[in-house]
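J.: Can you read through this structure? Questions will come right after.
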Amino acid sequence: MNDNHTTNDMRLKEFNDDGLRKIAKEIVLQRFFLVLHALIYCFVNLLLFVINYLTDQTYPWFLWALIGWGIVILTHVFYYILYKKGIVHIATLILLYHVWAYVILNLFILFIDFFTATPRWSFMVWFWYPFGAWSGILIIHMIMYFYTIPSQETSDELNWIERKVEKELKKLQKVQRDHHPPEDRQI
Numbered sequence: 001m002n003d004n005h006t007t008n009d010m011r012l013k014e015f016n017d018d019g020l021r022k023i024a025k026e027i028v029l030q031r032f033f034l035v036l037h038a039l040i041y042c043f044v045n046l047l048l049f050v051i052n053y054l055t056d057q058t059y060p061w062f063l064w065a066l067i068g069w070g071i072v073i074l075t076h077v078f079y080y081i082l083y084k085k086g087i088v089h090i091a092t093l094i095l096l097y098h099v100w101a102y103v104i105l106n107l108f109i110l111f112i113d114f115f116t117a118t119p120r121w122s123f124m125v126w127f128w129y130p131f132g133a134w135s136g137i138l139i140i141h142m143i144m145y146f147y148t149i150p151s152q153e154t155s156d157e158l159n160w161i162e163r164k165v166e167k168e169l170k171k172l173q174k175v176q177r178d179h180h181p182p183e184d185r186q187i
């Protein structure tokens with residue numbers, strides 16, 4: 001009982017007033033930079049659209065900046081949302097970023113496929129090659145994630161890696177006991 005109470009006290013110390021103030025300040029700064037990023041994005045892309053319209057209306061080159069920078073700003077929004085939700089588990093973050101990259105970059109590849117096809121905006125088949133390969137990799141990643149990371153309902157259980165570590169630790173402890181009888185051990 002006392003150990004559990006001490007563990008809870010240690011967890012609560014991380015969220016004292018100073019800790020919460022730092023987190024709140026970080027969220028405010030990230031929100032400010034996100035809004036600033038979005039405003040600069042809108043202004044610059046509007047300017048590029050006007051330049052494209054006034055100089056050459058046959059080729060909409062402003063779309064390259066709009067889409068490319070749009071991916072970056074959407075990733076900035078995604079990062080902000082993950083930070084604000086407080087997701088810190090590294091395996092979860094890696095999987096979420098993998099899914100994010102899969103969706104956003106495959107949409108970008110689809111845009112490239114449509115935009116560079118002759119005639120323009122017709123669909124070519126090369127999009128399916130990276131899409132199919134990456135889909136397989138993502139499925140493998142998801143299987144590994146859900147196999148090795150226990151669900152929240154079973155958070156008391158050990159995941160696959162932890163079970164293997166425990167098994168190996170028991171082997172090492174057995175070897176230790178076999179080579180060092182109790183009377184030889186020093187406390």
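Residue numbers for the sequence shown follow our numbering, beginning at 1 and rising by one. Ideal Cβ positions, reconstructed from N, Cα and C, are used throughout, including at glycine.
Rounded to a whole number of angstroms, what is the C-alpha to C-alpha distance between residue 127 and residue 22?
T.: The sequence position of residue 127 within the sequence shown is 127, counting from 1. The sequence position of residue 22 within the sequence shown is 22, counting from 1. So the alpha carbons of these two residues sit roughly 45 Å apart.
J.: Nearest to residue 72 by CA position, among 24, 104, 60, 48, is which residue?
T.: Position 72 of the sequence shown, counted from the first residue, corresponds to residue 72. With distances taken between Cα atoms, residue 72 lies closest to 104.
J.: Under 9 Å, do residue 26 and residue 79 count as touching if we go by C-beta distance?
T.: Position 26 of the sequence shown, counted from the first residue, corresponds to residue 26. Position 79 of the sequence shown, counted from the first residue, corresponds to residue 79. Going by C-beta atoms, residue 26 is not nearer than 9 Å to residue 79.
J.: With distances taken between CB atoms, is the gap from residue 52 to residue 69 smaller than 9 Å?
T.: Your numbering for residue 52 matches position 52 in the sequence shown. Your numbering for residue 69 matches position 69 in the sequence shown. Contact flag unset, no.
J.: Alpha carbon to alpha carbon, how far is residue 132 from residue 154? Give it in angstroms, no decimals.
T.: As a first step, residue 154 is located in the sequence shown; it is residue number 154 there, counting from the start. As a first step, residue 132 is located in the sequence shown; it is residue number 132 there, counting from the start. Because the pLDDT of residue 154 is 46, which lies under 50, any placement of that residue in the model is unreliable, and the number read from its coordinates should be weighed accordingly. In a straight line, the C-alpha of residue 154 is about 33 Å away from that of residue 132.
J.: Cα separation between residue 62 and residue 106?
T.: Here residue 62 refers to the residue found at position 62 of the sequence shown. Here residue 106 refers to the residue found at position 106 of the sequence shown. The alpha-carbon atoms of residue 62 and residue 106 are separated by roughly 20 Å.
J.: Taking the C-alpha atoms as reference points, what is the distance between residue 137 and residue 60?
T.: Numbered from 1 along the sequence shown, position 137 holds the residue referred to as residue 137. Numbered from 1 along the sequence shown, position 60 holds the residue referred to as residue 60. So the two alpha carbons sit approximately 34 Å from each other.
J.: Leaving out the 5 sequence neighbours to the left and right, which residues in its chain are closer than 8 Å to residue 100 when beta-carbon positions are compared?
T.: Mapped onto the sequence shown, residue 100 falls at position 100. Here the set comprises 75, 78.
J.: Kindly indicate which residue of 81, 55, 47 has the alpha-carbon position closest to the one of residue 65.
T.: Locating residue 65 in the sequence shown gives position 65, where the first residue counts as 1. That would be 47, whose Cα lies nearest to the Cα of residue 65.
J.: Which of the three DSSP states, helix, strand or coil, is assigned to residue 17?
T.: The residue you call residue 17 lines up with position 17 of the sequence shown. Helix, per DSSP.
J.: To the nearest angstrom, how far is it from the Cα of residue 164 to the Cα of residue 141?
T.: The sequence position of residue 164 within the sequence shown is 164, counting from 1. The sequence position of residue 141 within the sequence shown is 141, counting from 1. Answer to the nearest angstrom: the Cα atoms are 19 Å apart.
J.: Put residue 149 into one of helix, strand or coil per three-state DSSP.
T.: Looking up residue 149 in the sequence shown gives position 149. Coil.
J.: Figure out for me which residue from 39, 143, 146, 58 has the closest Cα to the Cα of residue 115.
T.: In the sequence shown, residue 115 corresponds to position 115, counting from 1. Considering only alpha carbons, the answer is 58.
J.: Using 8 Å for Cβ pairs, my map puts residue 93 next to residue 87. What's the rounded Cβ distance?
T.: To locate residue 93, count along the sequence shown from 1; it is residue 93. To locate residue 87, count along the sequence shown from 1; it is residue 87. At roughly 6 Å, the Cβ-Cβ gap stays under 8 Å, so residue 93 and residue 87 are in contact.
J.: What residue range is occupied by the uninterrupted alpha helix (DSSP H) comprising residue 78?
T.: Start at 1 with the first residue of the sequence shown, and residue 78 comes out as number 78. Residue 78 -> alpha helix (DSSP H) spans 62 to 85.
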